[in-house]
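Chemist:
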Amino acid sequence: MKVSSQQIAAFTEVFRQRSVSDAASVLGITQSAVTQHLAKLEQRVGSTLFIRYRTGLEPTKAAQELFLLTDRIDVLEKLVAEKVNAYSSLFDGNLSIIANAPRPAMPLIARFKQNHPGVKVTFALLSWTKTMERLAARDVDIAIITEPDEIPGMFQQELTRNPFVAMLRCEHPLAAQQSVTMAELANEVMILPEDGSLTQRELTRASLASGIRFANAIQMTTYAVMKEAVLHGLGVGIFLEDSVFPSREFVFRPVRELEKTFGTYVVTTKDKTDLKLVRAFLDECDDSVRAMVPDLQK
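The numbering used here puts the sequence shown at residues 10 to 307.
1. Using the Cβ count rule (16 or more neighbours within 10 Å means buried), how would you classify residue 32?
2. When DSSP labels each residue in this structure, what does residue 175 get in the three-state scheme?
3. What does the Cβ neighbour count give for residue 62, buried or exposed, with the cut at 16 atoms within 10 Å?
4. Is there at least one Cβ from chain C nearer than 9 Å to residue 248's Cβ?
5. By DSSP, does residue 124 sit in helix, in strand, or in coil?
6. Please report the straight-line C-alpha distance between residue 206 and residue 137, rounded to a whole angstrom.
7. What residues in its chain sit with their C-beta under 6 Å from that of residue 226, if we drop five residues either side in the sequence?
8. Tell me the DSSP secondary structure of residue 285 in three-state form.
9. Can you tell me where the alpha helix (DSSP H) holding residue 20 begins and where it ends?
10. With residue 149 as the anchor, note down where its alpha helix (DSSP H) starts and where it stops.
11. What's the gap between the Cα of residue 141 and the Cα of residue 148?
12. Use the C-beta contact count for residue 157: other C-beta atoms within 10 angstroms, 16 or more gives buried, fewer gives exposed.
13. Residue ranges of each alpha helix (DSSP H) run of no fewer than 4 residues wholly in the region 149-228, ordered along the chain?
14. Identify, in the order they occur along the chain, each residue of the same chain with its Cβ nearer than 6 Å to the Cβ of residue 84, setting aside the five sequence neighbours on each side.
15. Could you spell out where the beta strand (DSSP E) holding residue 270 opens and where it closes?
16. How about residue 152 and residue 246: do their beta carbons lie closer than 9 Å?
17. Assuming contact is defined by CB atoms lying nearer than 9 Å, are residue 295 and residue 123 in contact in what I supplied?
18. Helix, strand or coil, according to DSSP, for residue 136 in the structure here?
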């Protein structure tokens with residue numbers, strides 16, 4: 010039994026969407042057709058490809074390995090279609106984007122949608138670890154992430170560079186200072202991201218260098234959740250500067266032991282950089298970076 014292109018397309022889109030109905034909508038076919046294609050592919054593979062949970066479909070190990078190949082096929086088919094049709098403008102299509110912080114992702118997506126309103130954009134805000142996992146699995150078009158790990162076959166471009174800062178409510182006693190120290194934060198309830206994140210690694214380095222430990226900490230998953238925790242008075246957060254949108258209810262203060270700056274990058278696989286939708290988004294990123302660079306000729 011030969012694996013058909015319809016089976017590959019159905020599997021690839023279900024893997025991306027984690028939903029048969031959403032995959033059917035993207036592919037423009039019925040849910041029944043997607044289900045049949047998956048069933049025939051599972052019969053050919055001889056293994057279950059997805060496990061159904063209440064929250065959606067979870068790919069098995071066999072599915073994850075297969076997707077690394079089918080995604081490349083999908084990219085090649087799109088490139089062939091673009092060459093054959095030779096369309097010069099972007100009217101529709103789908104682009105998936107993930108990020109580990111609201112900024113600079115949100116402004117970039119807003120600019121992209123303004124220039125390409127017919128393109129359907131799906132966006133998810135994930136932890137740094139989960140963002141890296143999805144990049145490695147190739148099941149996303151674009152990722153915007155701080156200091157990504159090196160992955161073979163990836164393209165990356167720096168967007169911004171910032172240090173870590175302390176986020177405090179305006180009425181907090183330390184908010185009146187121009188900067189804070191690790192020692193001053195040691196007795197605070199600290200709002201921190203998950204283990205293994207860049208923030209955690211940098212704080213561990215600074216703690217070892219200064220001999221200061223944060224004894225009272227609450228761990229969150231994303232910057233957006235951390236921001237909410239600070240706004241609700243749970244404690245003081247450590248954020249990458251300019252990673253979340255400002256509010257009149259809090260301030261950012263430099264931490265003297267955390268002066269090192271870190272880059273936030275737009276990342277995709279090298280083979281996807283030739284896709285028109287991905288290239289259009291990368292062009293928006295180029296324009297954004299240029300807009301932040303002073304015109305030295307003036």
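Yeah, the Cβ is synthetic: ideal placement off N, Cα and C, and Gly gets one too.
Modeler: Taking the definition as stated:
1. With a 10 Å radius around the Cβ and a threshold of 16 neighbouring Cβ atoms, residue 32 comes out buried.
2. In the structure shown, residue 175 sits in a strand (DSSP, three-state: E or B).
3. Exposed, by the Cβ-count rule.
4. The question asks about chain C, but that chain is absent: this structure has only one protein chain.
5. Helix, per DSSP.
6. Using only the alpha carbons, I get a separation of about 6 Å.
7. Hits under 6 Å: 199 and 201.
8. Secondary structure of residue 285 (DSSP, three-state): helix.
9. Judged by DSSP secondary structure, residue 20 falls within the alpha helix (DSSP H) whose first and last residues are 14-26.
10. Run containing residue 149: none; DSSP gives neither H nor E here.
11. If you draw a straight line from the Cα of residue 141 to the Cα of residue 148, it comes to about 11 Å.
12. Buried is the call here.
13. Counting only unbroken stretches of 4 or more residues, the alpha helix (DSSP H) elements lying wholly within the region 149-228 are 191-194 and 207-219, in sequence order.
14. The answer, listed in chain order, is 280 and 281.
15. Here the beta strand (DSSP E) through residue 270 covers 270-278.
16. Taking 9 Å as the Cβ cut-off, residue 152 and residue 246 do not qualify as a contacting pair.
17. No.
18. Coil at residue 136, not helix or strand.
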